[in-house]
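Residue numbers (the working numbering), protein chains in the order written: chain B, 6 to 417; chain X, 6 to 417. Cβ coordinates follow ideal geometry from the N, Cα and C atoms, glycine included.
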């Protein structure tokens, strides 16, 4: 499988005429070419579709591309052809064109997000959180059969850099008689990637697992902010609601599935686990449906001069693949549309140090973490800046980065 | 409170120059004036914003109104002024203008629905369903404190008349070892009203209970189709997902809150129940936040010549008011936007005959209902047409109807 996904645009030796794209530390080498929506900072121009290259942005307005959702709706062969054209435009030796420095740009959400669904593919997260919420019953019996997911709120998805007000909500401590309405004292992050849907399917027309890649456009970083004191009181029986929908932060960049092709790995399931039902399984899927993408959580409190990395994980720990969540979502005929966003759920690794949330890192808020400057944290305090980062690396390929997914918590 | 909401547009004696609007049986007398999105059937014209009057539609294109979401975004004083202008245009004695017969029209969703949330305000439904899903624990402890809700799927909301394919999904009978993927055998309806949001609020800026009416634009009928065999296996811990998102049907008409003003009734809570927390309570709210609106479920199987009414309920049975669900939804800062849709949840009455779902009417599928032609049903079979109806009536006022909310189940 792998070979047919790779072409000259993945060649690690290829260089760009944009010097910063050739810096080994850049998130955006010539091999990445992520999409964004940007304008010159402080201007009132409409936002434009752009492509990141080094520390610059290529404006696609002149290419007649003014709506990224329309690009997403195109078949994968056309998306790949566009990648080739972008590569040819930016490769070393091509005539230089005008670019916009990222430092002079401001970003909007990269596309219109019709519906947002958040999955729960991190089994280590599901088990750790389940242990806190349901000590007797941490991993529910459906988890290893059903790619569990729920609908999220589209309106409150914001782009990296947007500050979010600490939510108020109903909280009922276990020993209290009645709930109180007050500012949340347990604001948490969740380390996720978000998958943007490509063409999608019509209502009533599911697709098979081997067609799922056609409907995957690209990935973004996603922080599913959570109010851990609101969540346990409200979530039964219909799932998380106000504990989640006060804000979801994504990075400005969509890294395409084509850029990530070198980092595919086999999708395996432990032999002792239930194997996926036939509609979520195929030989081609097993061959390369998982991804090796490093994920990180960073924190900078108002008293810190530099952020600190709180944990490192990897998308390879997801129990369900991106193709499986796409296929499952549409398996009942639900229509997916270009620009819809599917969160992976919190991707924690098998050890506590690889936790994708403070809830896990602090064992439900009981074990504070100590920061390099001596401060401690269980959950986020006002003014704290939480950032997610991701990158994919592999011997023989250029490193692909995802940019920044940062947010600051404002007082209630 | 009531008086200030009523004006000459509620006068039962007022007549229209549109003869069919003066028929006592019409859903759309001069006092209603519901909005829709329509075009001449079979044409390829763009859809237009219209207002129902008797069996006709007034096209608002000539009024410069081409986007109902923009109307929804206006303050309530402007929405009321528009109602006055519509009333003056259609009242007896005003110059006649061209209308489009409803029989010659086709309808789209009345507006763009950004986010769709479904609440669970029917306590009799919650208790009856809870008893089936959790015999030991039918009404969870949070129910009487939190207006429970969950995010639904916007993309699969369809207008009345759209046929829906029976979904496939994972089903695990309690005695089976492993789940199977197959067509749902337990397709059900849910009798709801949907509230369309008016201006809404910015992210991070909640509003108080006494400002909630400002953000309520109008009501539509809503059938939250449900696959009762998919639901129990998938819904823990994150709530309903594929059991619901294969389709949600709404009527083409939005009946405005202004039209419903005469049918407001006091919001009362049994003295033995917890009273709402202060953010969901006020004297003005208690005065008239509930509504007396009759609701009905109708079924027509392929062998029947006439539909039969399966049950009758009333919105007065909702445990949480429309103002409370709006206020609660935004209480954490979540931004509501013009055209967002908030379902009430299934509104069942206190007796089984007033059940808003087949699940309740048939006691979890164990007691089939017998139809007038001798057929029986537990859940819906292929070809069955399920319809919802609603109307508000009160001595001294014209009856206000909601039009039709019909759907047919196609084979998987």
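Contact with chain X by residue 7 of chain B, beta-carbon distance below 8 Å = What you label residue 7 of chain B is simply residue 2 of the first chain in a count that begins at 1. Interpretation of residue 7 of chain B is limited by its pLDDT of 47, a score under 50 that renders its predicted location unreliable; no figure is taken from the coordinates.
Length of the line joining the Cα atoms of residue 254 of chain B and residue 406 of chain B | Here residue 254 of chain B refers to the residue found at position 249 when the first chain is read from its first residue. Here residue 406 of chain B refers to the residue found at position 401 when the first chain is read from its first residue. Between residue 254 of chain B and residue 406 of chain B, the C-alpha separation is close to 17 Å.
Near residue 329 of chain B, what residues of its chain come up, given a Cβ to Cβ distance below 6 Å and the 5 sequence neighbours on each side ignored?
-> Here residue 329 of chain B is taken as the residue at index 324 of the first chain, counted from 1. Correct list, in chain order: 152, 285.
Report the neighbours of residue 120 of chain B on chain X: residues whose CB is nearer than 8 Å to its CB, in chain order.
-> As a first step, residue 120 of chain B is located in the first chain; it is residue number 115 there, counting from the start. Correct list: 158, 159, 160.
For residue 413 of chain X, which residues from the same chain have a beta carbon less than 6 Å from its beta carbon, with the 5 sequence-adjacent residues on both sides left out?
-> Sequence index remark: in the second chain, residue 413 of chain X carries index 408 (1-based). Cβ within range, chain order: 168, 390.
Tell me where the alpha helix (DSSP H) around residue 153 of chain B begins and ends.
-> Walking along the first chain from the start, residue 153 of chain B turns up at place 148. Counting along the chain, residue 153 of chain B falls outside any alpha helix (DSSP H), and DSSP gives it neither H nor E.
Taking all protein chains shown into account, do 16 or more other C-beta atoms lie within 10 angstroms of the C-beta of residue 460 of chain B, making it buried, or fewer, making it exposed?
-> No statement about residue 460 of chain B is possible, as the shown extent of chain B runs from 6 to 417 and does not include it.
Buried versus exposed call for residue 314 of chain B [16 or more other C-beta atoms within 10 Å across all chains shown] | The sequence position of residue 314 of chain B within the first chain is 309, counting from 1. So residue 314 of chain B ends up on the exposed side.
For residue 399 of chain B, I'd like the list of residues in its chain whose CB is within less than 8 Å of its CB, leaving aside the five on either flank, ordered along the chain.
-> Here residue 399 of chain B refers to the residue found at position 394 when the first chain is read from its first residue. 267, 268, 297, listed in sequence order.
What residues in the stretch 192-217 of chain X have a beta carbon less than 9 Å from any beta carbon of chain B?
-> 205, 208, 209, 210, 211
Span separating the alpha-carbon of residue 103 of chain B from that of residue 23 of chain B | Within the first chain, the letter at position 98 stands for residue 103 of chain B. Within the first chain, the letter at position 18 stands for residue 23 of chain B. Each residue's alpha carbon lies about 11 Å from the other.
Please determine, among B/247, B/259, B/306, B/204, the residue with the shortest C-alpha to C-alpha distance to residue 78 of chain B.
-> Along the first chain, read from residue 1 onward, the residue named residue 78 of chain B stands at position 73. Nearest of B/247, B/259, B/306, B/204 to residue 78 of chain B, Cα basis: B/204.
Secondary structure at residue 136 of chain X, three-state DSSP: helix, strand or coil?
-> Position 131 of the second chain, counted from the start, is the residue given in the question as residue 136 of chain X. Residue state, collapsed to three classes: helix.
Spatial neighbours of residue 2 of chain B within its chain, please: CB distance less than 6 Å, with the 5 preceding and 5 following residues excluded, ordered by chain position.
-> The first residue shown for chain B is 6 and the last is 417, placing residue 2 of chain B beyond what the model contains.
Tell me residue 106 of chain X's beta-bridge partners as DSSP assigns them.
-> For the purposes of this step, residue 106 of chain X is identified with residue 101 of the second chain, where counting begins at 1. In DSSP, residue 106 of chain X forms a bridge with X/61.
For residue 270 of chain X, write down the residues that DSSP places opposite it in a beta bridge.
-> Counting from 1 along the second chain, the entry for residue 270 of chain X is found at position 265. Paired residue(s): X/295.
Which stretch, first to last residue, makes up the alpha helix (DSSP H) that contains residue 239 of chain B?
-> The residue you call residue 239 of chain B lines up with position 234 of the first chain. Per DSSP, residue 239 of chain B belongs to the alpha helix (DSSP H) from 236-239.
Where does the unbroken beta strand (DSSP E) through residue 225 of chain X begin, and where does it stop?
-> Along the second chain, read from residue 1 onward, the residue named residue 225 of chain X stands at position 220. That run of the beta strand (DSSP E) goes 221-228.
Under three-state DSSP, which class holds residue 25 of chain B?
-> As a working mapping, residue 25 of chain B is identified with position 20 in the first chain. In this structure, residue 25 of chain B counts as helix in the three-state DSSP scheme.
Can you have a look at residue 175 of chain X and say buried or exposed, based on whether 16 or more other CB atoms are within 10 angstroms of its CB?
-> Counted from its first residue, the second chain places residue 175 of chain X at position 170. Answer is buried; the Cβ neighbour count reaches 16.
Report back the beta-carbon spacing between residue 119 of chain B and residue 345 of chain B to the nearest angstrom; my notes put them in contact at under 8 Å.
-> By 1-based counting over the first chain, the position of residue 119 of chain B is 114. By 1-based counting over the first chain, the position of residue 345 of chain B is 340. Contact holds; Cβ gap of about 5 Å.
Rounded C-alpha distance that separates residue 171 of chain X from residue 387 of chain X = Here residue 171 of chain X refers to the residue found at position 166 of the second chain. Here residue 387 of chain X refers to the residue found at position 382 of the second chain. Going from the Cα of residue 171 of chain X to the Cα of residue 387 of chain X covers about 8 Å.
Residues within the stretch 81-100 of chain X neighbouring chain B, beta-carbon criterion of under 8 Å | none
Quick one, which residues of the stretch 332-358 of chain B are near chain X if we go by CB-CB under 8 Å, in chain order?
-> 333, 334, 336, 337, 338, 339, 340, 341, 342, 345
For residue 18 of chain B, does the count of other Cβ atoms within 10 angstroms reach 16, so buried, or fall short, so exposed?
-> Taking the first residue of the first chain as position 1, residue 18 of chain B is located at position 13. Classification for residue 18 of chain B: exposed.
Under 8 Å between C-beta atoms of residue 331 of chain B and residue 347 of chain B = Translated into positions along the first chain, residue 331 of chain B becomes position 326. Translated into positions along the first chain, residue 347 of chain B becomes position 342. The answer is yes: Cβ separation under 8 Å.
Which of helix, strand or coil does DSSP assign to residue 419 of chain B?
-> Outside the displayed span of chain B (6 to 417) sits residue 419 of chain B, for which this structure offers no information.
Would you be able to state if there are at least three C-beta pairs under 8 Å between the stretch 31-48 of chain B and the stretch 239-255 of chain B?
-> no
Got a sec: is the Cβ-Cβ distance from residue 155 of chain B to anything in chain X below 8 Å?
-> On the first chain, position 150 is the one that residue 155 of chain B refers to. By this cut-off, residue 155 of chain B is an interface position.
Report all residues from its chain with a CB closer than 7 Å to the CB of residue 7 of chain X; omit the five preceding and five following residues, and keep chain order.
-> Numbered from 1 along the second chain, position 2 holds the residue referred to as residue 7 of chain X. Summary for residue 7 of chain X: the model assigns pLDDT 47, below 50, so the residue's position carries little reliability, and this model does not support an answer.
Could you tell me the boundaries of the alpha helix (DSSP H) in which residue 83 of chain B lies?
-> Locating residue 83 of chain B in the first chain gives position 78, counting from the first residue. Per DSSP, residue 83 of chain B belongs to the alpha helix (DSSP H) from 81-95.
Of the residues B/367, B/392, B/210, the one placed nearest residue 381 of chain B, counting alpha carbons only | Along the first chain, read from residue 1 onward, the residue named residue 381 of chain B stands at position 376. Nearest option by C-alpha distance: B/367.
Where residue 121 of chain B falls: helix, strand or coil (DSSP) = Looking up residue 121 of chain B in the first chain gives position 116. Residue 121 of chain B falls in the strand class under three-state DSSP.
Which partner residues of residue 443 of chain B appear in the DSSP bridge assignment?
-> Residue 443 of chain B lies beyond the stretch modelled for chain B, which goes from 6 to 417, so this question has no answer here.
For the stretch 184-200 of chain B against the stretch 346-362 of chain B, are there 3 or more C-beta pairs whose distance is under 8 Å?
-> yes
Could you check what DSSP says for residue 261 of chain X in three-state terms: helix, strand or coil?
-> The sequence position of residue 261 of chain X within the second chain is 256, counting from 1. It is a strand residue.
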